[in-house]
């Protein structure tokens, strides 16, 4: 994947590890967006559900797995709507370049047994609120892409 749109300001002299990722935009019947509030002891932040591809997973496979692990929802990737990268440092300080595909995800079922990431909590919020609160600029941009599709 060749990413042309990049978010984040690179720190001089820092090498960012390329990290293929997939994130999902899923909505409930009231039009609210599924997000995850992550709290690892340094204050909570908001992300779209998703994460890194494992091994030879496709984006849609990684999205379904990560969504379940973080939210307890079983989803299906429906349509890839955007791609962008985000430079940042993970919680452990490791610099990464999240090279993300952003997908519309259909919620198939609530399956609490899928959830295994205790520091992630599912929250449903209005997309406009997500624009203000999402930690990563690339995530907010993907929500804006969806909103503009109308």
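Residue numbers (UniProt numbering): 1 to 150. For each residue, glycine too, the CB sits at the ideal point set by N, CA and C. All of these numbers come straight from a predicted model, not from anything done at the bench.
Annotation: residue 70 to residue 14 spans about 29 Å, alpha carbon to alpha carbon. For residue 19, the enclosing beta strand (DSSP E) begins and ends at 17-25.
Residue 88 and residue 108 have their C-alpha atoms roughly 32 Å apart. Only residues of its own chain outside the window of five on either side were considered, and among them 25, 102, 103, 104, 142, 145, 146 and 149 have a CB closer than 8 Å to the CB of residue 81, listed in chain order.
Burial state of residue 68 is buried, judged by a 10 Å Cβ sphere holding 16 or more other Cβ atoms. The C-alpha of residue 61 lies about 11 Å from the C-alpha of residue 74. In the structure shown, the three-state DSSP call for residue 14 is coil. When DSSP reads this structure, residue 107 sits in a beta bridge with 75.
Distance from the CA of residue 124 to the CA of residue 33, rounded to the nearest whole angstrom, comes to 5 Å. A residue is called buried once 16 or more other Cβ atoms fall within 10 Å of its Cβ, and residue 97 is buried on that count. With respect to residue 23, residue 137 sits apart: the two C-beta atoms are not nearer than 7 Å. Listed as beta-bridge partners of residue 6 by DSSP are 85.
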